[in-house]
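Per this note's numbering, the very first residue in the sequence shown carries number 6; after that it's consecutive. Before any comments, here is the structure.
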Amino acid sequence: MSNFVSIIFCGNCKSRYVEISDWTSDGKAIVKCRSCNNREVISNFTLGRAKIGSAEIQNARDTMAKRGKYEK
Ligand SMILES: [Zn+2]
Numbered sequence: 006m007s008n009f010v011s012i013i014f015c016g017n018c019k020s021r022y023v024e025i026s027d028w029t030s031d032g033k034a035i036v037k038c039r040s041c042n043n044r045e046v047i048s049n050f051t052l053g054r055a056k057i058g059s060a061e062i063q064n065a066r067d068t069m070a071k072r073g074k075y076e077k
């Protein structure tokens, strides 16, 4: 049985090294790319971590959602 996960990639540099770096005073997560320091605030989602292999990372890159193109 496999488990489905989504990976957040940086919208600026496509890096997978995205993490929550801090929280705003009103409880929103500040998501940061460790590769290029791109930052953005999200309010109703959070992130988890799991160790996955290179094949799964590549599969996530190959199915990366793009504007105007539906992904599920
Ligand atoms: Zn980046």
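Note that CB positions come from ideal geometry on N, CA and C, so glycine has one too.
Residue list for ligand 1: C15, N17, C18, S20, C38, S40, C41 and N43 (CB closer than 5 Å to any heavy atom, chain order).
Judged by DSSP in its simplified three-state form, D27 adopts strand.
The Cβ atoms of V23 and I13 lie closer than 7 Å to each other. The continuous beta strand (DSSP E) containing I47 extends over residues R44 to I47.
By the C-beta density criterion, C38 is buried, having at least 16 other C-beta atoms within 10 angstroms.
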